[in-house]
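K.L.:
Dumping the structure here so I can ask a few things about it.
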Amino acid sequence: MIDSPSLQQLMKIYQKERAFLFLDYDGTLARFAPNPDVVLPDSELIDILCKINKLENIKLAIISGRRLDHIRSLVPIDGIWLAGSYGLEMINSSGNEIQLLEFDNLRPGLEIIKPTWQALIDGREGFYLEDKGWSLAIHANGSDIQEVNLVLANARRIDVPKGFHLKSTYKFIEICPPKADKGVAVEYILNSEKFNDALPIFIGDDPRDEEAFAAVHSIGGVGIIVTENDRETKATYSMRRPEQVRNWLRVINQIKP
23 MIDSPSLQQL MKIYQKERAF LFLDYDGTLA RFAPNPDVVL PDSELIDILC
73 KINKLENIKL AIISGRRLDH IRSLVPIDGI WLAGSYGLEM INSSGNEIQL
123 LEFDNLRPGL EIIKPTWQAL IDGREGFYLE DKGWSLAIHA NGSDIQEVNL
173 VLANARRIDV PKGFHLKSTY KFIEICPPKA DKGVAVEYIL NSEKFNDALP
223 IFIGDDPRDE EAFAAVHSIG GVGIIVTEND RETKATYSMR RPEQVRNWLR
273 VINQIKP
């Protein structure tokens, strides 16, 4: 993997005067927590993002798998795009809320699955069922890999309701609508914001971010993966951990509009 140049260097390489930064949250801006529901706002991170938001040649968007209400509490900054549930629910830079699907039409399908998945993990240490409203996810952080594999295999055996599909990665499985796609979210935001001739950059860390890497790459943008291990990715550059991402963001404040 190639270490990411600074934003200033990327803008010179791609001959752009403006940039649109799309940032994942967990694993990118902040380290993962054992229970995602107990993560609290980080004043240092908020300060970094607020300073960037004042620059006229930079736009910001946070795209997370978290519920919109939760990501809004973690990043309480006006004037930027916030996308929750992989972009199914958003707040635009003017503060207006947007939903790409009808929540009330989808939720009954998840209510059928939720007790089944909850029963799979009851009494098991290191397992957590996250209800994101638009989706359900099992975090299988148990130390017994055989138990992890058994739970995830059983979770895959459900009858998937219409309008949903299963997504799984290492120690994780989620049921969500196909439109819960960060690449779709990136395209929607770019088409809506009309921040013309800007370099789109997506920074993320997990397989759900690959859709966004592909989206920015298809329009001449840059994907930056956050990982300590070499792996196959659609990203062009890499950073190793969230602390490096924060340092990369701090340098942006040296850019003059």
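Counting with my numbering, you get residues 23 to 279 for the letters of the sequence shown.
In this text, a Cβ means the ideal position worked out from N, Cα and C, and glycines have one as well.
#1: Identify every run of the beta strand (DSSP E) within the segment 179 to 213, keeping only runs that are complete inside it and at least 3 residues long; order them along the chain.
#2: Pairing CB atoms from the segment 266 to 274 with CB atoms from the segment 64 to 73, are three or more of them under 8 Å?
#3: Counting along the chain, where does the beta strand (DSSP E) carrying ARG40 start and finish?
#4: For PRO222, report the span of its alpha helix (DSSP H) as first-last.
#5: Within 10 Å of its beta-carbon, does PHE224 have 16 or more other beta-carbons around it, so buried, or fewer, so exposed?
#6: Report the partner residues of ASP153 according to the DSSP bridge assignment.
#7: Beta carbon of GLU115, beta carbon of ALA202: below 7 Å?
#8: Identify the residues that DSSP records as bridge partners of VAL173: which are they?
#9: With C-beta atoms as the reference, is ALA257 less than 7 Å away from ILE247?
#10: Compute the Euclidean distance between the alpha carbons of GLU147 and GLY164, then round it to the nearest angstrom.
#11: Using 7 Å as the threshold, is the C-beta distance between ALA85 and ALA105 below it?
#12: If I measure Cβ to Cβ from PRO200 and keep anything under 7 Å in the same chain, skipping five residues before and after, which residues do I get?
#13: Does the pairing of the segment 231 to 245 with the segment 28 to 48 give three or more beta-carbon distances under 8 Å?
#14: Exposed or buried, which one is SER157 when buried takes at least 16 other CB atoms within 10 Å?
#15: Between the segment 42 to 52 and the segment 215 to 232, do three or more beta carbon pairs fall short of 8 Å?
P.N.:
Working from what's here:
#1: 187 to 191 and 194 to 198
#2: yes
#3: 40 to 45
#4: It is not in any alpha helix (DSSP H) - PRO222 instead sits in the beta strand (DSSP E) that spans 220 to 226.
#5: buried
#6: LEU158
#7: Checking the displayed sequence, the identity of residue 115 turns out to be Ser instead of Glu. In this structure, ALA202 does not lie closer than 7 Å to SER115 by Cβ.
#8: Partner(s): none; VAL173 has no beta bridge.
#9: yes
#10: 6 Å
#11: Here residue 85 is Ile; the residue named in the question, Ala, does not match the sequence. For ILE85 and ALA105, yes; Cβs fall inside 7 Å.
#12: HIS187
#13: yes
#14: buried
#15: yes
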